[in-house]
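Peer 1: Count the sequence shown with our numbering and you get residues 2 to 167, in order. Positions of the beta carbon are idealized from the N, C-alpha and C atoms, including for glycine.
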Amino acid sequence: MTALPPLRDATDADSEPLAALIAATFAEYPNCLFDWSEFPELRRPASHYAERGGRLWVADGTEGRIVGSIAVVPVPDQNAVELFKVYADPSQRGGGLAQALFARTLAFAEAGGYGEMMLWSDSRFARGHRFYEKLGFVRWPGERYLADISSSWEYHFRKPLAPATP
2 MTALPPLRDA TDADSEPLAA LIAATFAEYP NCLFDWSEFP ELRRPASHYA
52 ERGGRLWVAD GTEGRIVGSI AVVPVPDQNA VELFKVYADP SQRGGGLAQA
102 LFARTLAFAE AGGYGEMMLW SDSRFARGHR FYEKLGFVRW PGERYLADIS
152 SSWEYHFRKP LAPATP
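1. In the DSSP assignment, find the alpha helix (DSSP H) that holds P142 and state where it starts and stops.
2. Do you know offhand how far P18's Cα is from Y115's?
3. Take the Cβ of D1 as the centre, count every other Cβ of all protein chains shown within 10 Å, and call the residue buried at 16 or more, exposed below.
4. Between the C-alpha atoms of A4 and L34, what's the straight-line distance to the nearest angstrom?
5. Determine the burial state of W58: buried for a count of at least 16 other Cβ atoms within 10 Å of its Cβ, exposed for fewer.
6. Is it buried or exposed, I150, if we count other Cβ atoms within 10 angstroms and call 16 or more buried?
7. Looking at L98 and G69, is the spacing between their C-beta atoms short of 7 Å?
8. Under 8 Å, with one C-beta from each stretch per pair, do the region 10 to 28 and the region 137 to 148 reach the 3-pair mark?
9. Can you round the beta-carbon distance between A72 and L43 to whole angstroms, since I take them to be within the 8 Å contact cut?
10. DSSP beta-bridge partners for L84?
11. With DSSP as the reference, label F103 as helix, strand or coil.
12. Thinking C-beta only, is L162 closer than 7 Å to A104?
13. With distances taken from CA atoms, which of R53, L22, Y50, E83 is nearest P91?
14. Give the single residue among L84, D15, V139, P77 whose Cα lies nearest to the Cα of D61.
15. Could you give the distance in angstroms between the alpha-carbon of L136 and the alpha-carbon of S38?
16. Under the three-state reduction of DSSP, which class applies to E64: helix, strand or coil?
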């Protein structure tokens, strides 16, 4: 069994390698394009999530690459957290990296006493949808249109969290 790459809190210096991971993921899908102008949060990724009360974690690959990421932000008016930037390099898929990254967000949500997790995912990312469902997320009815360069439609997923036991 291969060891997982090291996980750590992201820094703002992770901007370029994180963008490279996202762009490479988008390139796996037809008409899914990466344009920096649509991702202003990537200029200061750690600060962006910290300023919203959340966190961003990354997995380090070789030669300064990032091979995985996940972010979480509280949605207080819903007693929930929302996940963002859920990406894994193809070389890391199926080996437990995504579960390890997800465990970070779950610990964050449980420590904050949140009752639910949610995320939006591009309708083209079927592999990711299967992963979310395996984790207990349920796809909610409806879709949203982003009007971005890729003409993206997204599905909404939610996962109830078990109440904390005293």
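Peer 2: Let's see:
1. Annotation: P142 is outside any alpha helix (DSSP H); the continuous beta strand (DSSP E) that includes it extends over 139 to 146.
2. 31 Å
3. There is no way to answer for residue 1, as the model of the chain reaches only from 2 to 167.
4. 32 Å
5. buried
6. The residue is exposed, with fewer than 16 neighbouring Cβ atoms inside 10 Å.
7. The Cβ-Cβ distance between G69 and L98 falls below 7 Å.
8. no
9. Contact flag wrong, Cβ pair sits at about 11 Å.
10. The partner list for L84 (beta bridge, DSSP) reads V73.
11. helix
12. no
13. L22
14. Closest by C-alpha distance to D61, out of L84, D15, V139, P77, is D15.
15. Between L136 and S38, the alpha-carbon positions lie close to 32 Å from each other.
16. coil
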